[in-house]
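Data first, discussion second: the structure below is written as C-alpha cells.
Protein chains: 2
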Amino acid sequence: MYSYQQLFQFTQEVFLNMGCPPEDAQLATEVLLEADLRGVDSHGVARLSGYVRLWEAGRINVKPAIKIIHERPGTATVDGDGGLGLVVAPRAMDIAIAKAGNVGTGWVSVCNSNHFGIAGYHAMKALVHDMIGMAMTNASPLVAPTFSTQRMLGTNPIAVAVPANRQPPFVADLATAAAANGKLEILQRKNKKAPIGWIQTASGGRTSNPHELKDGGALLPLGSNKTMGSHKGYALSAVVDIFSAVLSGANYGPWVPPFVSFLPVAENLVGKGIGHFFGAMSVDAFRPAEDFKAHMDNWIETFRNADVVKGKKAVLIPGDPERIMTAKRLKAGIPLLEPVERDLESLGKKFGVQL
Amino acid sequence: MYSYQQLFQFTQEVFLNMGCPPEDAQLATEVLLEADLRGVDSHGVARLSGYVRLWEAGRINVKPAIKIIHERPGTATVDGDGGLGLVVAPRAMDIAIAKAGNVGTGWVSVCNSNHFGIAGYHAMKALVHDMIGMAMTNASPLVAPTFSTQRMLGTNPIAVAVPANRQPPFVADLATAAAANGKLEILQRKNKKAPIGWIQTASGGRTSNPHELKDGGALLPLGSNKTMGSHKGYALSAVVDIFSAVLSGANYGPWVPPFVSFLPVAENLVGKGIGHFFGAMSVDAFRPAEDFKAHMDNWIETFRNADVVKGKKAVLIPGDPERIMTAKRLKAGIPLLEPVERDLESLGKKFGVQL
Numbered sequence: 001m002y003s004y005q006q007l008f009q010f011t012q013e014v015f016l017n018m019g020c021p022p023e024d025a026q027l028a029t030e031v032l033l034e035a036d037l038r039g040v041d042s043h044g045v046a047r048l049s050g051y052v053r054l055w056e057a058g059r060i061n062v063k064p065a066i067k068i069i070h071e072r073p074g075t076a077t078v079d080g081d082g083g084l085g086l087v088v089a090p091r092a093m094d095i096a097i098a099k100a101g102n103v104g105t106g107w108v109s110v111c112n113s114n115h116f117g118i119a120g121y122h123a124m125k126a127l128v129h130d131m132i133g134m135a136m137t138n139a140s141p142l143v144a145p146t147f148s149t150q151r152m153l154g155t156n157p158i159a160v161a162v163p164a165n166r167q168p169p170f171v172a173d174l175a176t177a178a179a180a181n182g183k184l185e186i187l188q189r190k191n192k193k194a195p196i197g198w199i200q201t202a203s204g205g206r207t208s209n210p211h212e213l214k215d216g217g218a219l220l221p222l223g224s225n226k227t228m229g230s231h232k233g234y235a236l237s238a239v240v241d242i243f244s245a246v247l248s249g250a251n252y253g254p255w256v257p258p259f260v261s262f263l264p265v266a267e268n269l270v271g272k273g274i275g276h277f278f279g280a281m282s283v284d285a286f287r288p289a290e291d292f293k294a295h296m297d298n299w300i301e302t303f304r305n306a307d308v309v310k311g312k313k314a315v316l317i318p319g320d321p322e323r324i325m326t327a328k329r330l331k332a333g334i335p336l337l338e339p340v341e342r343d344l345e346s347l348g349k350k351f352g353v354q355l
Numbered sequence: 001m002y003s004y005q006q007l008f009q010f011t012q013e014v015f016l017n018m019g020c021p022p023e024d025a026q027l028a029t030e031v032l033l034e035a036d037l038r039g040v041d042s043h044g045v046a047r048l049s050g051y052v053r054l055w056e057a058g059r060i061n062v063k064p065a066i067k068i069i070h071e072r073p074g075t076a077t078v079d080g081d082g083g084l085g086l087v088v089a090p091r092a093m094d095i096a097i098a099k100a101g102n103v104g105t106g107w108v109s110v111c112n113s114n115h116f117g118i119a120g121y122h123a124m125k126a127l128v129h130d131m132i133g134m135a136m137t138n139a140s141p142l143v144a145p146t147f148s149t150q151r152m153l154g155t156n157p158i159a160v161a162v163p164a165n166r167q168p169p170f171v172a173d174l175a176t177a178a179a180a181n182g183k184l185e186i187l188q189r190k191n192k193k194a195p196i197g198w199i200q201t202a203s204g205g206r207t208s209n210p211h212e213l214k215d216g217g218a219l220l221p222l223g224s225n226k227t228m229g230s231h232k233g234y235a236l237s238a239v240v241d242i243f244s245a246v247l248s249g250a251n252y253g254p255w256v257p258p259f260v261s262f263l264p265v266a267e268n269l270v271g272k273g274i275g276h277f278f279g280a281m282s283v284d285a286f287r288p289a290e291d292f293k294a295h296m297d298n299w300i301e302t303f304r305n306a307d308v309v310k311g312k313k314a315v316l317i318p319g320d321p322e323r324i325m326t327a328k329r330l331k332a333g334i335p336l337l338e339p340v341e342r343d344l345e346s347l348g349k350k351f352g353v354q355l
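Those protein sequence lines, which keep their order, are chains A and B. The first sequence begins at 1 in my numbering and counts up by one. The second sequence begins at 1 in my numbering and counts up by one.
Shown next, in the form of C-alpha cells:
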C-alpha cells in the first residue's frame, strides 16, 4: 500500500527526470494519479513505464509548444506538439472553459497528442466554473466494428461531468467498448476467463479467452453483438474518433499510433499523433446556475432512491463508485499489483529516484 | 403500398385540420414522414393518431409561440409553448445552426415540447451548412437504470450527422436503450419473443416476453446488464435527460409526460413538457471544410472496406441502412401495417380527408 503523496512524489520525479518543465511534471502527475485514486488502475502509475518507453522511443516531446492553430469565439483546434496527453489535455480543456466563459460554450479538438490518462479528470475541470465538462479521445485500434474482423477503433471513452449543489457531481466516464482494455488486462494477469461478449476471435467468433487479442482477436463495441446493439457502441466510438481526430487533423481509425513503444506506428499516417475533443458548457448560458443545480440535486436524489433489484445494494449515480474509491484510497493508501511495483522500482533505478 | 406524396398529402391535411398554420403543417409532415422513408416505422405516420389524441386531450398547442427565453452568443434555451415537437425541434435546430455560423458552434436546450419524431432528421439539417449536427431528446420513462426495477428514463436517442464530400454523410441515430420501444412493438404485434437482454420483469429478472412492460417490466439500457456495460447505456441516457431537460427546465426522469394520451401526466411536475437538446458545429470553425470532408471520405471508405466476418455482407457506416431504405421507398412506396392503415383511415373519416 502506497500513500498518494508517496506515489505523487515518485511520479513527479520521474517526469522531471524525463525533462518535463516543473509545472508540466506536476500537472502530468496529478492527472495520472487521479486514475489510481478513482480506482481506474489501468490508467494510473501502472502506465508510467509506458510513457517512459514512448519517450525513449522519441515518440513523446517533453517540452511541447502547445498552440491554437485555428479558432472561432466558441471553438479551437490545438496542436499538442507531440507532448504528453497528460499535459496537452488539461491545457486544451482550459481553452474550452475560457471560451465557454465568453460565449456560453467552448469546444476544442486536439491533434498531435498522446494518451491523456482518464477522460473524467479533464471533464471534471469544468465543475468549479459551474460548467458541464466533456472529454473524449481516440486510442490505439483494438475494437472491431459490428460485422468486421478488423481492429479499427480504440476503446474511445466519453466523459461528461455535471455540477450539482448539495449532491456530489454527476461524472460519467465510459469506454465505448463493451469492456475497456484495462479490465481485460486484469483477467490476463490472473489468467481468468472473460465474459462472452467482450472479445471476438480473429474470424469474429465467440471467445472467453482474454489473450485472444494476441491471436488477431478484437474487443467488441458496447452492445457486444448486433442484436444487443453493438452497432450503437460502434457508432458512438466512431463519433469520438471523428470529433477527436477528423476535426483536428490527428490520426483516426486504424492509423491511431499505439500506446506501446514495441508496436510500430502505421505507415502513411493520415494526421498527427492521437486526437482528443473537449467541451465546456456554462450552465448559466442556459438557465440560472442555482436553478440548474437545485434540479440536478433532485435528479440525483430521485435516481439514487429508485427501487432496487433484490440482492443489489443501490442504484448508483455515475461517479459514485469512483468518488467512494477516492475517499478510501486517500485515507488507506493505493494498492499496487506486484508487476506494477517491480515496474516502478526499475524506473526508480533508471532515474535514481526512491519509491 | 403508399407513395410518399400520398402519405404527405394526407398527413399534411390532418395537421391542417388540427389547426396548425400551413407552414407548421408542412414542416411537421416532412419530419414525420422522414421516419417512414428511413425505415423507422415506429416514428412515422404510425404515430399520427397518437399526436391527434394528445391534441384532443389538450396536451398539444397547435399554434405555439416558440421563443428564446435565455441566450448567449453560442447558446439558447427555447420554450416550445407546448407545440408539436415536430415543429419546435427544427426551429430550435435552426437557432443552433445560426449561432454556429456566428461563433463556430451553437447549442440549444428546449423545454415545453412534445415528441419530435426521429432525432436524425434534426441532426441532418446541419449538413447542408457544412456543419456537424446533433440532436437528442428525453422521452416517457420506460428504461430501468442498472440495478433498478423502476422505469426512470426514456429510450433517449442521440443523433449525430457528419458531412462528407464524395461519400454520403455519416448519420448515427441511436436509442440509448438496448432496443428502442419501436422494435418491441413489432414483436408485440407479431406475438414473437424478444431476445434476452432487451427487457426485464417487474422484479428485475430475465424475460423474453415482449408484453412484460404491461406487467411492470422495463426496457434495459444499452449493454443490457452490468457485466456487458449497461451502466454505460444508463449513463448516456442520463446525459441525454440532463442536457434536454435539466438544462432547459423541462421534465426529467420519471416526470417526463407520456406520449400516449391514455396515461396520466405525473403529479408535481418538475418542469414544462419534454426536453430536447440540439447542437451544430461548423466544420470550418476547426479546420477548412474541404480538408475535413476529404478526410471524412477517407474515414468512411476505410471503414466500409474493413474485413468482414464470414456470412455477413459488409461493414456498415452509420446511416447506410436508412439511406438505402429511403431510396427504395421513394421509388417503390411505403408499406404500412394493417393496424396503421386502419388507424389512418379512421383519422381520415374524422377529418374528412381521403387517404
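Backbone N, C-alpha and C define an ideal beta-carbon position, used for all residues, glycine too.
Q) Considering only residues of the region 148–212 of chain B, which uninterrupted alpha helix (DSSP H) runs meet the minimum length of 4 residues and lie entirely inside it, listed in chain order? A) 181–190
Q: Answer yes or no: does any C-beta atom of chain B fall closer than 8 Å to that of residue 109 of chain A?
A: yes
**Q.** Contact check, residue 72 of chain B vs residue 285 of chain A, beta carbons under 8 Å
**A.** yes
Q | Closest by C-alpha distance to residue 101 of chain A, when choosing among A:183, A:133, A:198 | A | A:133
Q. What beta strand (DSSP E) runs, 3 residues minimum, are completely inside the region 14–90 of chain A?
A. 67–72, 75–79
(Q) Would residue 138 of chain B and residue 240 of chain B qualify as a contact pair, given that the criterion is a beta-carbon distance under 8 Å? (A) yes
Q.
Can you check which of these residues, A:96, A:219, A:263, A:231, is closest to residue 172 of chain B by C-alpha distance?
A. A:231
Q) Residues bridged to residue 282 of chain A by DSSP? A) A:131
Q.
Spatial neighbours of residue 254 of chain B within its chain, please: C-beta separation below 8 Å, excluding the five flanking residues on both sides.
A. 141, 150, 151, 152, 266
Q. Which residues bound the beta strand (DSSP E) around residue 107 of chain B?
A. 105–113
Q: Provide the residue(s) that pair with residue 218 of chain A in DSSP beta bridges, ordered along the chain.
A: A:200
Q.
Pull the bridge partners of residue 136 of chain B from the DSSP assignment, please.
A. B:158, B:277
Q. Residue 105 of chain A and residue 279 of chain A: beta carbons closer than 8 Å?
A. yes
Q: Measure the C-alpha to C-alpha separation of residue 29 of chain A and residue 185 of chain A and round it to an integer number of angstroms.
A: 23 Å
**Q.** Contacting residues, own chain, Cβ-Cβ under 8 Å from residue 303 of chain B (five flanking each side not counted)
**A.** 315, 317
Q: Could you run through the region 191–221 of chain A and flag, in chain order, every residue whose CB is less than 9 Å away from some CB of chain B?
A: 195, 197, 198, 200, 203, 204, 205
(Q) On the CB-based measure, 16 or more other CB atoms within 10 Å of its CB, does residue 1 of chain B come out buried or exposed? (A) exposed
Q) Considering only residues of the same chain and omitting the five flanking positions on each side of residue 50 of chain B, which have a CB-CB separation below 7 Å? A) 259, 260
Q: May I ask you to report which of helix, strand or coil DSSP gives residue 2 of chain B?
A: strand
Q) Would residue 252 of chain A count as contacting chain B if we go by Cβ distances under 8 Å? A) yes
Q.
Please report the distance separating the alpha-carbon of residue 176 of chain A from that of residue 238 of chain A.
A. 9 Å
Q.
Three or more C-beta pairs under 8 Å: does that hold for the region 18–34 of chain B against the region 87–94 of chain B?
A. yes
Q.
Within a Cβ cutoff of 6 Å, which residues of the same chain sit near residue 282 of chain B, ignoring the five residues on either side of it in sequence?
A. 100, 104, 131
**Q.** Contact list for the region 56–70 of chain B against chain A, Cβ threshold 8 Å
**A.** 70
**Q.** Top-ranked residue by Cα proximity to residue 269 of chain B, from B:250, B:82, B:301, B:262
**A.** B:250
Q | Alpha carbon of residue 194 of chain A to alpha carbon of residue 44 of chain B, nearest angstrom | A | 41 Å
Q.
I need the straight-line Cα distance from residue 306 of chain B to residue 39 of chain A, nearest angstrom please.
A. 35 Å
Q: Could you please give the first and the last residue of the uninterrupted alpha helix (DSSP H) stretch that includes residue 119 of chain A?
A: 119–124
**Q.** DSSP beta-bridge partners of residue 308 of chain B
**A.** A:148
Q | Contacts that residue 295 of chain B makes with chain A (C-beta to C-beta distance below 7 Å) | A | 246, 270
Q: Classify residue 145 of chain B as buried or exposed, calling it buried when 16 or more other Cβ atoms lie within 10 Å of its own Cβ.
A: buried
Q | Buried or exposed by the 16-neighbour rule on C-beta atoms within 10 Å, applied to residue 192 of chain B | A | exposed
(Q) I need the DSSP call for residue 95 of chain B, collapsed to helix, strand or coil. (A) helix
Q. Applying a beta-carbon distance threshold of less than 7 Å, which residues of chain B neighbour residue 133 of chain A?
A. Simply none; closest approach about 12 Å.
**Q.** Straight-line gap, residue 242 of chain A to residue 76 of chain A (C-alpha atoms, nearest Å)
**A.** 15 Å
Q: Could you confirm whether any beta carbon from chain A is found closer than 8 Å to the beta carbon of residue 289 of chain B?
A: no
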